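Peer 1: Sharing a structure with you now.
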Amino acid sequence: MKCRVCREPAVVDVRRHNAAFCREHFFHHCEEQVRRAIDAHRMLAPGERVLVAVSGGKDSLALWDLLLRLGYEADGLYLGLGIADYSDESTVYARRQAEAVRRPLIEIDLADQFGYDIPRAAAATRRAPCGACGLSKRHLFNAVALDHGYDVVATGHNLDDEAAVLLGNVLRWDTGYLGRQHPVLPSAPGFVRKVKPLVRLAERETAAYCVLRRIDYQVEECPMAAGNRHLGYKEILNALEDRSPGSKAAFLGGFFARGHAHGDVGRGRVTGRAHLQEVSARLELGHAAGRAAALILLLRVDVDFDAVDGLVARPGDAHDERARLALAQEVRGETDAADLQEITTFHALPLCCADSSTRGRVLDCRFLLRRRPTWMP
Amino acid sequence: MKVLLRNPRREVDVRGPMTVGSLLQHLELNPESVLVIVGDELVTRDARIDDADAVEIRPVISGGAA
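Line by line, the protein sequences are chains A and B.
Quick note: the first sequence uses my numbering, first residue 3, plus one each step.
Quick note: the second sequence uses my numbering, first residue 359, plus one each step.
Below, the structure written as structure tokens:
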């Protein structure tokens, strides 16, 4: 095969682009895909401090390298998960890359600093290991970024990761998760923005990038992830991709284009004393700001009216303005049943909850209001 | 040729010469799920591999649900 750009011998083929590349032009291809993802989804602004979640695997190490080459100020964060030899080995790769790129690597060891590791957390909470791991990571990425003054957390989720998550959510028609799946999770008070700049690169490309850049990474799979559902989805998607190159990108890209064609329209905040899990579950299951607001009233929690009034209405968009007014009225108890029809064109996205084990304590739950995606009935 | 496979790590003998594509077909591996490294170099699926080559087939699928 010849490089599509220079016609020199190729070292890697990318079938979904019907292309093969030499080493140098493959590097350019990867940088270009990341740059396009960042631009298209407005992930990063010049001068922002980026914290890259570094696991020692191919994706996070490639991401760190690529962001630095694109000129971003990016440091690393490594979490010691306590998964026996696997974690010991991953630490070595993360530190080695930090030395290679000459950037700081913040290291947090779960067992040393919080008294638990992933195997123990999974057993104690009766969660699947990947669930306990993901929950810990999401919390700590944000907490560390805030503590150290970073503007944004970047994770190495790639095209295959996101396509597999999408397939799983579609198979279960889990509209709550579908509504939240996006390469950018906007910042909110107490939460930094989270971005996924590798969504345009398949993991075969991030692996090839590391091999060609001579970036050593942990090839062995996490022993606790063996047999998990997402790995099965990836195998299925790759079988489709082999028969029909471009399927994964079309599947994911089409979802992003339809699901978020109109973007976020505002965010709200709920504070009060209640059973936190109940509130968050109701917000999530409501899928509609109107229903969420009604449930907030039922639970007798205080609502930050400024946040509700702060819903962004697009100039000249009467539909949004009606919904905004109806929601504000609903939250204030001035229910107008007719307007609820309009409000249901939104769905509520709980961004976070303070502590999932909280009962009867003051809660502070923020939510994001988005226009209902076009694929939602 | 000696072919190193991962997850789990093991080595198999395959008689060459053959192309990378033929090797993957022989081992029933999806080309979308692996990289093929001959010596230290990444190769495309039309590359020819000789009996004397050391080949690594590296899986690229990774990750939990997080």
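Note that CB positions come from ideal geometry on N, CA and C, so glycine has one too.
Bear in mind the structure is a predicted one, so any value in this text is a computation, not a measurement.
Can you pull the chain B residues whose beta carbon is under 8 Å from the beta carbon of residue 213(A), in chain order?
Peer 2: Ordered by position in chain B, the residues that pass the 8 Å Cβ test against residue 213(A) are 393, 395, 400 and 416.
Peer 1: Which bits of chain B does residue 174(A) rub up against, with CB to CB less than 9 Å?
Peer 2: The premise fails here: residue 174(A) is roughly 13 Å from chain B at the closest Cβ pair, so nothing lies under 9 Å.
Peer 1: Does the beta-carbon of residue 60(A) have 16 or more other beta-carbons within 10 angstroms, so that it is buried, or is it exposed?
Peer 2: Answer is buried; the Cβ neighbour count reaches 16.
Peer 1: What span of residues does the alpha helix (DSSP H) with residue 416(B) cover, start to end?
Peer 2: No alpha helix (DSSP H) holds residue 416(B); the beta strand (DSSP E) holding it covers 412-417.
Peer 1: Looking at the unbroken beta strand (DSSP E) that takes in residue 80(A), where does it start and where does it end?
Peer 2: Its beta strand (DSSP E) spans residues 75-82.
Peer 1: Helix, strand or coil: which one does DSSP assign to residue 399(B)?
Peer 2: Of the three classes helix, strand and coil, the one that applies to residue 399(B) here is strand, per DSSP.
Peer 1: How long is the line joining the alpha carbons of residue 149(A) and residue 192(A), rounded to whole angstroms?
Peer 2: Roughly 11 Å separates the two Cα atoms.
Peer 1: Against chain A, with Cβ distances strictly below 8 Å, would residue 411(B) count as a contact?
Peer 2: Residue 411(B) does not count as touching chain A.
Peer 1: At a Cβ threshold of 8 Å, is residue 380(B) touching chain A?
Peer 2: Residue 380(B) does not count as touching chain A.
Peer 1: For a quick check, are the C-beta atoms of residue 413(B) and residue 382(B) less than 8 Å apart?
Peer 2: The answer is no: Cβ separation not under 8 Å.
Peer 1: In terms of residues, what are the limits of the alpha helix (DSSP H) holding residue 60(A)?
Peer 2: Note, residue 60(A): alpha helix (DSSP H), 60-71.
Peer 1: Ends of the beta strand (DSSP E) at residue 238(A)?
Peer 2: Note, residue 238(A): premise wrong, no beta strand (DSSP E); alpha helix (DSSP H) at 231-245.
Peer 1: Who are the neighbours of residue 364(B) on chain A, taking C-beta pairs under 9 Å?
Peer 2: Near residue 364(B) (Cβ distances below 9 Å), the residues of chain A are 221, 222 and 223.
Peer 1: Compare the C-beta of residue 371(B) against all C-beta atoms of chain A and say whether one is closer than 8 Å.
Peer 2: Cβ-Cβ to chain A under 8 Å: no for residue 371(B).
Peer 1: Drop a sphere of 10 angstroms on the beta-carbon of residue 196(A), count the other beta-carbons inside from all chains shown, and report buried for 16 or more, exposed for fewer.
Peer 2: Buried, by the Cβ-count rule.
Peer 1: For residue 238(A), which option in 368(B), 390(B) and 399(B) has the closest C-alpha, if you only look at C-alpha atoms?
Peer 2: With distances taken between Cα atoms, residue 238(A) lies closest to 390(B).
Peer 1: Residues of chain A with CB closer than 8 Å to the CB of residue 407(B), please, in chain order.
Peer 2: What residue 407(B) touches in chain A: nothing, since even the nearest Cβ is about 15 Å away.
Peer 1: Verify the CB distance criterion: does residue 14(A) have a CB-CB separation below 8 Å to chain B?
Peer 2: By this cut-off, residue 14(A) is an interface position.
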